[in-house]
Amino acid sequence: MTIDIATNLHTIQQRIDRACQRCGREPQQVSLIAVSKKKPADLIIQAAAAGQSLFGESYVQEFIDKHQQISTPVRWHFIGALQSNKVKYLRGTTELIHSVDRYSLAKEINKQWAAIGQTANILIQVNVGAEQSKAGATPENVEELVRKIANLANIRIQGLMALPPYHDDLEQVRPWFRQLRQLAQRIEALDIPQVSMATLSMGMSHDFEIAIEEGATLIRVGTAIFGERE
Ligand SMILES: *Cc1c(COP(=O)(O)O)cnc(C)c1O
């Protein structure tokens, strides 16, 4: 089966537009990240040719390989689990790291970005469902973590990210998205210097419309664009 990436992107944009209409938001408030993990560089180039400019990757080595292969100017977000000893490879290549869930990782990002005289944009990943199998700070720990990371000079916290528990019934997922938005609002209200809660990264192929209805500003969509992964 061949994948028609341009058509898939078009269909997703229509679904984004309709979801925005339903809840009175502007489609420009929602950015689509094409999650290209485990997909070859030529599919990314196809997506870029179809007008997609923002891509998300989950594995450091794979990302670095593709980053080198692709000369088309695209923007990259890192969305996967990140070990501190691999942060140096991401330095200066990613616009936003979605998966910061502990201070030691933030400290290393700060150090690496400081070394090139830049500031790293990050999101705090929150394990909203408190699932054992998933990364993320627990909702109760987010405030303390944000306050600590906010003191690092070469990091800017831009918001929160979550990967909520999977449900076939999307109405079961909605409360998790809502919880993330409410947590962001609570932290925003604390007015912590250098901390923004404007970005909410939530929603994947099967649930991005619900995430948009609940306030997502970044949706991370892989399968619906590039097809099933191996
Ligand atoms: C793989 C991945 C996605 C994309 O998932 P799809 O179901 O293929 O859309 C989104 N977010 C994260 C963190 C991922 O690892």
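Here our numbering is used: the first residue of the sequence shown is 146, the next is one more, and so on. The beta carbon of each residue, even a glycine, is placed where N, CA and C say it ideally should be. Quantities reported herein were computed from a predicted structural model and do not represent experimental measurements.
Would you kindly report the start and end of the unbroken beta strand (DSSP E) that includes residue i?
i	result
V245	L241 to V245
E202	L199 to E202
L345	V340 to S346
A307	I300 to A307
S176	S176 to V180
Just to confirm my understanding: we take residue i, look at its own chain, exclude 5 residues before and 5 after, and list those with CB closer than 6 Å. What are they?
i	result
A295	I337, Q339 and V340
N255	L297, N299 and I300
V219	A193, S198 and F200
F371	K184 and L188
K211	A186
Nearest-angstrom Cα distance between residue i and residue j?
i	j	result
L290	A356	24 Å
L154	L363	15 Å
Y248	Q257	14 Å
N286	V318	22 Å
A329	A282	13 Å
Q303	L268	6 Å
A259	L297	10 Å
I224	Q197	17 Å
R170	R365	18 Å
A192	Q174	21 Å
P172	D314	25 Å
R292	K252	13 Å
K152	I178	Position check: residue 152 holds Thr in this sequence, whereas Lys was assumed. Going by the C-alpha atoms only, they are around 16 Å apart.
T156	M347	19 Å
G367	R331	30 Å
What residue range is occupied by the uninterrupted alpha helix (DSSP H) comprising residue i?
i	result
Q438	Examination of residue 438 is not possible in this model, given that the chain is present from 146 through 375 alone.
Q330	R319 to E333
Q206	V205 to Q214
L154	I150 to C168
Taking buried to mean at least 16 other C-beta atoms within 10 Å of its own C-beta, is residue i buried or exposed?
i	result
I189	buried
L335	exposed
T147	exposed
E202	buried
E354	buried
T239	buried
A164	buried
S222	It is worth fixing the name first, because residue 222 is His in this sequence and not Ser. Result: buried.
Kindly list the residues whose CB is nearer than 7 Å to the CB of residue i, restricted to its own chain and excluding five residues on each side of it in sequence; keep chain order.
i	result
Y234	V205 and I209
R326	L345, E359 and G360
A275	T283
K231	V205
Excluding five sequence neighbours on each side, which residues of the same chain lie with their C-beta closer than 8 Å to the C-beta of residue i?
i	result
Q270	H243, S244, V245, D246, A280, G281, A282, L305, M306, A307 and L308
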